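J.:
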Amino acid sequence: MTLNIEDLQQIARIEKSKKDGFQHRINVCLAAGCLSCGSGLIKEALEKEVTRRGLDSWCKITGVGCLGLCAEGPLLSLPTSGSYYQGVQVSDVPEILDSLNGSPVARLVCPAETPFFQRQVRIVTENCGRIDPERIEEYIAEDGYAGLYQALTQMTPQEIIDQVSGSGLRGRGGAGYPTGLKWMSMAKAMGSTKFIICNGDEGDPGAFMDRSVLESDPHRVIEGMVIAGYATGANQGFIYVRAEYPLAVKRLRLALSQAERMGMIGNNIFNTSFHFNLQVRLGAGAFVCGEETALIASIEGRMGRPRPRPPFPVEFGLWDHPTMINNVETLANIAPIIRRGSQWFAGIGTEKSKGTKVFALAGKVVNTGLIEIPMGTSLRDIVFAIGGGIPQGGRFKAVQTGGPSGGCIPEQFLDMPVDYDSLAQVGSIMGSGGMIVMDASSCMVDVARFFMEFCMSESCGKCVPCRVGTRQIYDILGKITASRATMAEFTMLEDLCDLIKNTSLCGLGQSAPNPVLTTLKYFRDEYLAHIHDRQCLAGACKKAEEVL
Amino acid sequence: MKQHPPKKVRSDLNPSRLLTFKIDDRDVTAHEDETILSVARQNNIIIPTLCHLDGLSERGACRLCIVEVRGSTKLLPACVTFPRQDMEIITNSKRVINYRKKILELLFTERNHVCSVCVANGHCELQNLAVELGVDHVRYPYLYPRHDVDASHSRFCIDHNRCVLCLRCVRVCDEIEGAHTWDIMGRGMTSKVITDLNQPWGTSETCTGCGKCVQVCPTGALTEKGKSVAEMSKRRQFLPYLQMMRGRQGGSWQK
Amino acid sequence: MLAEGINPNATALPATSPAQDHRLRMVNRTMQLYRNEPHGLIETLHTVQESFGYLEEPILRYVAAALQVPLSRVYAVATFYHSFTLRPPGEHTCVICRGTACYIGGSGQILDRIKEKVGIATGETTADGKVSLLEARCLGSCGLAPAGVFDGEVTGKLSPEKVLEKIGRWQHHDPEH
Ligand SMILES: Cc1cc2nc3c(=O)[nH]c(=O)nc-3n(C[C@H](O)[C@H](O)[C@H](O)COP(=O)(O)O)c2cc1C
Ligand code: FES
Ligand code: FES
Chain A
121 MTLNIEDLQQ
131 IARIEKSKKD
141 GFQHRINVCL
151 AAGCLSCGSG
161 LIKEALEKEV
171 TRRGLDSWCK
181 ITGVGCLGLC
191 AEGPLLSLPT
201 SGSYYQGVQV
211 SDVPEILDSL
221 NGSPVARLVC
231 PAETPFFQRQ
241 VRIVTENCGR
251 IDPERIEEYI
261 AEDGYAGLYQ
271 ALTQMTPQEI
281 IDQVSGSGLR
291 GRGGAGYPTG
301 LKWMSMAKAM
311 GSTKFIICNG
321 DEGDPGAFMD
331 RSVLESDPHR
341 VIEGMVIAGY
351 ATGANQGFIY
361 VRAEYPLAVK
371 RLRLALSQAE
381 RMGMIGNNIF
391 NTSFHFNLQV
401 RLGAGAFVCG
411 EETALIASIE
421 GRMGRPRPRP
431 PFPVEFGLWD
441 HPTMINNVET
451 LANIAPIIRR
461 GSQWFAGIGT
471 EKSKGTKVFA
481 LAGKVVNTGL
491 IEIPMGTSLR
501 DIVFAIGGGI
511 PQGGRFKAVQ
521 TGGPSGGCIP
531 EQFLDMPVDY
541 DSLAQVGSIM
551 GSGGMIVMDA
561 SSCMVDVARF
571 FMEFCMSESC
581 GKCVPCRVGT
591 RQIYDILGKI
601 TASRATMAEF
611 TMLEDLCDLI
621 KNTSLCGLGQ
631 SAPNPVLTTL
641 KYFRDEYLAH
651 IHDRQCLAGA
661 CKKAEEVL
Chain Z
8 MKQHPPKKVR
18 SDLNPSRLLT
28 FKIDDRDVTA
38 HEDETILSVA
48 RQNNIIIPTL
58 CHLDGLSERG
68 ACRLCIVEVR
78 GSTKLLPACV
88 TFPRQDMEII
98 TNSKRVINYR
108 KKILELLFTE
118 RNHVCSVCVA
128 NGHCELQNLA
138 VELGVDHVRY
148 PYLYPRHDVD
158 ASHSRFCIDH
168 NRCVLCLRCV
178 RVCDEIEGAH
188 TWDIMGRGMT
198 SKVITDLNQP
208 WGTSETCTGC
218 GKCVQVCPTG
228 ALTEKGKSVA
238 EMSKRRQFLP
248 YLQMMRGRQG
258 GSWQK
Chain G
32 MLAEGINPNA
42 TALPATSPAQ
52 DHRLRMVNRT
62 MQLYRNEPHG
72 LIETLHTVQE
82 SFGYLEEPIL
92 RYVAAALQVP
102 LSRVYAVATF
112 YHSFTLRPPG
122 EHTCVICRGT
132 ACYIGGSGQI
142 LDRIKEKVGI
152 ATGETTADGK
162 VSLLEARCLG
172 SCGLAPAGVF
182 DGEVTGKLSP
192 EKVLEKIGRW
202 QHHDPEH
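Chains as they are written, first to last, in the numbering used here: chain A, 121 to 668; chain Z, 8 to 262; chain G, 32 to 208.
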């Protein structure tokens with residue numbers, strides 16, 4: 121089946137009028153966070169109760185993707201009245217239905233006028249929590265695949281690349297490489313077989329943006345990939361997703377079969393000569409597979425060990441063919457850019473970092489969950505206004521961005537705008553967007569040790585500095601937290617960090633010392649207190665004698 | 008998607024094009040597809056290496072061959088880096104020498120390299136590197152892991168305590184012998200070279216007993232049986248010849 | 032599939048029961064999806080693990096032969112990736128997340144208490160074979176830290192008490208849980 125624009129519009133119209141036919145709609149969050157607090161049961165109970173009351177044509181229950189405020193789940197939203205319910209139990213169901221025509225159930229209402237909802241600017245997550253991710257029609261009703269149609273029928277590949285370049289979009293996978301530039305190199309790469317890979321490995325512990333996008337709006341990523349394929353001359357794509365995200369995998373596979381059935385992937389897409397195939401591939405629990413060359417090895421069925429670059433994947437990638445790797449969130453930005461134009465996108469954010477960024481806010485903060493904010497929002501706004509501050513009146517100590525490759529940012533930089541360059545300036549990175557808030561009860565040496573343990577056990581073991589060096593650093597940090605280290609070992613720590621950073625083969629090793637380096641820089645007194653005074657300023661570490 | 012078109016050789020490097028650049032302030036000339044390491048060796052400039060072996064594919068893993076490029080702080084592994092016109096390579100700055108020493112010391116702490124009782128004593132590349140780089144003591148604490156010795160093969164023996172994970176054995180077995188008996192299990196510090204399904208070498212169904220792995224091993228990890236301390240010297244002249252004869256340029260084991 | 036005698040890895044599988052046949056069919060189906068090419072190895076191992084619970088040696092040999100991957104390579108891949116396990120798991124599995132958010136939220140203490148009370152560390156199974164303890168690196172439920180997975184069901188906002196209670200119920204063969 122091949123669609124044209126009228127068909128798309130027709131599907132959208134039918135879908136919209138179906139929606140409007142209902143007096144009331146209740147959206148139940150069915151993303152992993154709320155599912156684990158039982159939102160599946162609530163949806164069932166709501167449906168049963170609606171049927172029992174014979175209200176099937178009056179009230180529609182929809183399972184949707186992530187609403188953002190994961191900590192307060194299970195969440196419901198009532199798009200007709202604009203209110204949200206939090207912490208809903210099955211026993212609340214009759215009351216919720218009773219109240220549909222009157223005022224909302226006060227006890228469950230989740231205040232929507234808070235900065236958490238108001239300060240967000242939604243591009244990537246515009247459909248999250250609003251549509252049923254398991255139905256392509258709902259995506260189409262929200263202008264889905266219109267960008268692809270426009271790209272394939274009205275634009276040349278060069279025009280698309282110009283739009284992407286002009287938007288100023290930078291890679292959301294970590295390093296912030298300009299996406300337009302990457303696409304341009306890919307378009308120029310020689311060869312008739314080219315591959316596009318969507319990097320959904322999201323190994324950074326404490327980050328779950330990509331998971332949410334894949335679970336809540338999988339078609340958006342597919343659309344971005346097909347556009348990328350057309351713009352760069354690739355006809356085959358892979359979406360590499362961690363095996364730890366079974367729901368995302370399930371929804372992606374479903375979305376793929378729907379898109380295939382409607383002809384958005386396959387041959388002669390939208391009656392053009394363009395064809396594109398897409399497959400989902402599973403990771404198997406290795407952080408290093410987020411690295412481009414390791415990811416390629418993994419798709420080829422081998423161990424995910426990075427290889428030296430150059431040659432870069434754009435020249436020599438999957439099965440030695442030109443391969444372009446983009447992050448999930450990067451690709452999720454593509455369709456809106458095509459639909460609304462690069463100028464619109466470039467109008468959001470800061471001079472060098474355009475658009476929005478999705479962050480996963482977690483740790484010691486009141487509103488844990490997913491937020492999408494314009495680049496350049498200050499850390500203070502994120503943690504205190506949007507995040508609601510530290511729970512139980514605790515005191516802010518630091519925020520960790522970028523996961524094991526990032527760093528800890530102390531209080532003095534709270535007013536710093538969050539964008540690629542300012543984060544790099546203070547020794548951290550944007551990373552994929554994990555943001556862990558820490559309060560006074562966290563010992564920074566212990567946090568550094570935690571990340572070093574992570575890097576040590578995730579090191580692929582190929583190059584010597586990363587394989588042995590991370591272990592040596594980890595041992596020293598262990599001694600420091602146990603108050604058994606000497607100053608000589610402290611000096612050795614800095615020396616090893618420098619060695620690993622400069623001589624490792626891949627990004628994992630090169631950035632593994634970052635958590636140690638930033639804590640050394642901003643919380644040096646905590647290290648020294650462990651060594652000189654044999655005490656942990658945060659009171660988190662046990663002394664050697666207590667451990668024994 | 009049955010067959011992907013055959014693998015390409017690096018078409019961005021033209022073997023017939025020549026370029027000139029500098030190594031340690033000496034003007035040198037090279038084909039575009041020659042690595043910095045091989046050009047340095049042609050000019051008798053010594054760059055220490057461990058995972059590299061003429062006749063096998065490159066891995067760029069030991070990081071001992073790192074060199075500096077003037078005007079950049081980035082360090083490059085000479086064994087896998089191709090020169091550019093007018094590049095200025097420095098192989099012996101204090102900075103790289105220091106890093107190399109530390110990397111070698113890390114290797115010494117990783118497993119139990121006790122030279123005095125080793126059959127390869129005096130014929131060991133790790134030992135030679137220590138001499139070459141002037142490593143007379145190791146500043147980092149030894150990790151003393153416990154590793155086995157597998158003597159189940161009738162003619163050979165593997166002592167994991169002395170393995171440096173250069174994977175020459177894996178590569179030679181795959182690329183030259185074509186058996187792929189060896190591979191590496193686990194990851195990070197827990198990596199270990201294995202035969203078949205991590206079974207005793209003597210029970211391997213795929214091992215041809217050719218002994219190439221023993222000959223290419225840089226240390227006393229892989230040895231012939233019946234040798235006593237310091238007797239195990241290795242022969243590997245056959246390698247570049249076999250590589251040429253078997254026509255497997257570059258190797259397919261791992262890029 | 033393969034001509035006799037070409038591949039030394041090819042070994043007959045031990046006599047199988049009907050149930051095992053079904054599981055093997057699943058594995059075969061995955062391999063066929065990738066046209067028995069080596070790049071299907073990781074997906075195939077996922078299927079093996081799903082259907083058999085762990086990677087049994089005879090199955091590894093079978094997969095190696097069918098995909099024409101060297102035995103040592105199959106073993107290398109199976110041990111490089113942490114999702115795979117070569118030992119049979121306990122009757123129930125408890126996965127505790129040790130990602131950043133969960134660590135800050137106290138998952139370390141949970142693991143300590145399990146070790147103290149139940150006597151198993153990560154990767155171990157209780158002597159009665161009832162419960163296996165595993166660790167995950169972020170389940171993506173960081174908003175509900177600390178999080179865990181009990182027999183496939185993600186649960187958030189854990190405390191040592193909650194986890195111990197759950198494990199206790201498993202150990203005392205309450206068929207309901
Ligand atoms: C150790 C390591 C882990 C990485 N993990 C991820 C990841 O989980 N997700 C991701 O999108 N990129 C990850 N990256 C970055 C990717 O290698 C790559 O740069 C990115 O996917 C490119 O996409 P972008 O241009 O859209 O950012 C990782 C890099 C390294 C070195
Ligand atoms: S010889 Fe170059 S990295 Fe080992
Ligand atoms: S850190 Fe535990 S779920 Fe993310």
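C-beta atoms are modelled at their ideal positions from N, C-alpha and C, and glycine is treated no differently. Predicted model only: the values in this text are computed from it and were never measured.
1. Comparing the CB of A/K302 with every heavy atom of ligand 1, is any distance shorter than 7 Å?
2. Would you kindly work out how many angstroms separate the C-alpha atoms of A/T200 and A/S159, rounded to a whole number?
3. Grab me the residues of Z/K9's own chain with a C-beta within less than 6 Å of its C-beta, minus the 5 sequence neighbours each way, in chain order.
4. Would you identify the three-state DSSP class for A/P325, choosing helix, strand or coil?
5. So which residues on chain G does Z/T201 lean against when the C-beta distance must stay under 8 Å?
6. Answer yes or no: the CB of Z/L71 versus the heavy atoms of ligand 2, is any distance below 7 Å?
7. So, with DSSP's three-state summary, where would you put G/S190?
8. When the distance is taken between beta carbons, is A/L415 closer than 8 Å to A/Y269?
9. Contact between the segment 93-106 of chain Z and the segment 64-75 of chain Z is defined here as three or more beta-carbon pairs at a separation below 8 Å; is this criterion met?
10. Tell me whether A/L628 counts as near ligand 1, meaning its Cβ is closer than 7 Å to at least one heavy atom of that ligand.
11. Would you list, in sequence order, the uninterrupted alpha helix (DSSP H) runs of no fewer than 4 residues that lie entirely inside the segment 255-335 of chain A?
12. Would you mind telling me which residues of chain A sit closer than 9 Å to G/A16, beta carbon to beta carbon, in chain order?
13. Nearest to A/H652 by alpha carbon, out of A/T299, A/N622, A/E609, A/V636?
14. Does chain G have any CB closer than 8 Å to the CB of Z/R253?
15. Along the chain, where does the alpha helix (DSSP H) containing Z/K101 start, and where does it finish?
16. Pull up the distance between the alpha-carbon of G/L165 and that of A/P530, whole angstroms please.
17. Going along the chain, which residues of its own chain have a beta-carbon closer than 6 Å to the beta-carbon of A/P633, five neighbours each way excluded?
18. State buried or exposed for Z/P13, treating a residue as buried only when at least 16 other CB atoms are found within 10 Å of its CB.
19. Would you say A/L374 and A/E254 are within 8 Å of each other, going by their C-beta atoms?
20. When the distance is taken between beta carbons, is A/Y265 closer than 8 Å to A/E380?
21. Does any C-beta atom of chain A lie closer than 8 Å to the C-beta of Z/D19?
22. I want to see whether chain Z comes within less than 8 Å of G/E88, judged by CB atoms only; does it?
23. Under 7 Å Cβ to Cβ from G/G187, same chain only, skipping five residues before and after it: list those, please.
24. Check whether chain G comes within 8 Å of Z/R243, counting only Cβ atoms and requiring the distance to be less than that.
25. If you draw a straight line from the C-alpha of G/V79 to the C-alpha of Z/K232, how long is it?
26. Ligand 1 and A/D539: does any heavy atom of the ligand fall closer than 7 Å to the residue's C-beta?
27. Which stretch, first to last residue, makes up the alpha helix (DSSP H) that contains Z/C176?
28. For A/H144, which of helix, strand or coil comes out of DSSP?
29. When the Cβ atoms of the segment 161-168 of chain Z are set against those of the segment 195-213 of chain Z, are three or more pairs found closer than 8 Å?
30. Following the continuous beta strand (DSSP E) through Z/M192, name the residue where it begins and the one where it ends.
31. Would you kindly work out how many angstroms separate the C-alpha atoms of A/R587 and Z/L113, rounded to a whole number?
32. Between the beta-carbon of A/A480 and the beta-carbon of A/A327, is there less than 8 Å?
33. Under a Cβ-count criterion, where at least 16 other Cβ atoms within 10 Å of its own Cβ denotes burial, should A/T450 be classed as buried or exposed?
34. Taking 7 Å as the cut-off, does the CB of Z/T56 come closer than this to any heavy atom belonging to ligand 2?
35. Distance cutoff 8 Å, beta carbons only. Does G/P69 sit that close to anything in chain A?
36. Find the nearest neighbour of Z/L150 within the set Z/L136, Z/S45, Z/F115, judged by alpha-carbon distance.
T.: Reading off the structure:
1. Here the question's residue 302 of chain A lines up with position 182 in the first sequence. Checking the Cβ of A/K302 against ligand 1 gives yes.
2. Position 80 of the first sequence, counting from 1, holds the residue named residue 200 of chain A. Position 39 of the first sequence, counting from 1, holds the residue named residue 159 of chain A. Whole-angstrom Cα-Cα distance: 20 Å.
3. As a working note, residue 9 of chain Z is residue 2 in the second sequence. Residue placement at Z/K9 cannot be trusted, given a pLDDT of 33 that sits under 50; the coordinates are not used to answer.
4. Numbered from its first residue, the first sequence carries residue 325 of chain A at position 205. The answer is coil: DSSP assigns A/P325 none of H, G, I, E or B.
5. In the second sequence, counting from the first residue as 1, residue 201 of chain Z sits at position 194. It is worth fixing the name first, because residue 201 of chain Z is Ile in this sequence and not Thr. By Cβ distance, chain G contributes S103, Y106, A107.
6. One-based indexing of the second sequence puts residue 71 of chain Z at position 64. At least one heavy atom of ligand 2 is nearer than 7 Å to the Cβ of Z/L71, so yes.
7. Reading the third sequence from its first residue, position 159 is the one you call residue 190 of chain G. Residue state, collapsed to three classes: coil.
8. Position 149 of the first sequence holds residue 269 of chain A. Position 295 of the first sequence holds residue 415 of chain A. No, the Cβ-Cβ distance between A/Y269 and A/L415 is not below 8 Å.
9. yes
10. In the first sequence, counting from the first residue as 1, residue 628 of chain A sits at position 508. Yes, the Cβ of A/L628 comes within 7 Å of a heavy atom of ligand 1.
11. 256-261, 266-274, 277-287, 299-308
12. The shown model of chain G, from 32 to 208, leaves out residue 16 of chain G, and the question about it has no answer.
13. Taking the first sequence and counting its residues from 1, the one referred to as residue 652 of chain A is at position 532. Of the candidates A/T299, A/N622, A/E609, A/V636, the one whose C-alpha sits nearest the C-alpha of A/H652 is A/E609.
14. Within the second sequence, numbered from 1, the residue matching residue 253 of chain Z stands at position 246. False, the Cβ-Cβ gap to chain G never drops below 8 Å.
15. Within the second sequence, residue 101 of chain Z is the residue found at index 94, counting from 1. 101-117 is the span of the alpha helix (DSSP H), which, as asked, contains Z/K101.
16. Here the question's residue 165 of chain G lines up with position 134 in the third sequence. Here the question's residue 530 of chain A lines up with position 410 in the first sequence. Each residue's Cα considered, the two are about 33 Å apart.
17. The sequence position of residue 633 of chain A within the first sequence is 513, counting from 1. Taken in chain order, the residues that qualify are C617, I620, K621.
18. On the second sequence, position 6 is the one that residue 13 of chain Z refers to. With a pLDDT of 40 at Z/P13, under the threshold of 50, the modelled position of this residue cannot be trusted; read the value that follows with caution. Answer is exposed; the Cβ neighbour count stays below 16.
19. Taking the first residue of the first sequence as 1, we reach residue 374 of chain A at position 254. Taking the first residue of the first sequence as 1, we reach residue 254 of chain A at position 134. Yes; because the gap between Cβ atoms is below 8 Å, this pair is in contact.
20. Along the first sequence, read from residue 1 onward, the residue named residue 380 of chain A stands at position 260. Along the first sequence, read from residue 1 onward, the residue named residue 265 of chain A stands at position 145. The answer is no: Cβ separation not under 8 Å.
21. Taking the second sequence and counting its residues from 1, the one referred to as residue 19 of chain Z is at position 12. Yes, its Cβ sits closer than 8 Å to a Cβ of chain A.
22. Residue mapping note: residue 88 of chain G aligns to position 57 of the third sequence, counting from 1. Chain Z contact via Cβ: present.
23. Sequence index remark: in the third sequence, residue 187 of chain G carries index 156 (1-based). Cβ within range, chain order: S172, L175, A178.
24. Position 236 of the second sequence, counted from the start, is the residue given in the question as residue 243 of chain Z. Closer than 8 Å: no.
25. For the purposes of this step, residue 79 of chain G is taken as the residue at position 48 of the third sequence. For the purposes of this step, residue 232 of chain Z is taken as the residue at position 225 of the second sequence. In a straight line, the C-alpha of G/V79 is about 39 Å away from that of Z/K232.
26. In the first sequence, residue 539 of chain A corresponds to position 419, counting from 1. No.
27. Counting from 1 along the second sequence, the entry for residue 176 of chain Z is found at position 169. It spans 175-178 - the alpha helix (DSSP H) in which Z/C176 sits, taken as one unbroken run.
28. Here residue 144 of chain A refers to the residue found at position 24 when the first sequence is read from its first residue. Residue state, collapsed to three classes: strand.
29. yes
30. As a first step, residue 192 of chain Z must be located in the second sequence, where it is residue number 185. First-last of the beta strand (DSSP E) with Z/M192: 189-192.
31. For this step, residue 587 of chain A is matched to residue 467 along the first sequence. For this step, residue 113 of chain Z is matched to residue 106 along the second sequence. For A/R587 and Z/L113, the distance between alpha carbons rounds to 9 Å.
32. The residue labelled residue 480 of chain A in the question sits at position 360 within the first sequence. The residue labelled residue 327 of chain A in the question sits at position 207 within the first sequence. Against a cut-off of 8 Å, the Cβ pair of A/A327 and A/A480 comes out as a contact.
33. Along the first sequence, read from residue 1 onward, the residue named residue 450 of chain A stands at position 330. The residue is buried, with at least 16 neighbouring Cβ atoms inside 10 Å.
34. The residue given as residue 56 of chain Z occupies position 49 in the second sequence. Result yes, Cβ under 7 Å from ligand 2.
35. What you label residue 69 of chain G is simply residue 38 of the third sequence in a count that begins at 1. Chain A contact via Cβ: present.
36. As a first step, residue 150 of chain Z must be located in the second sequence, where it is residue number 143. Nearest of Z/L136, Z/S45, Z/F115 to Z/L150, Cα basis: Z/F115.
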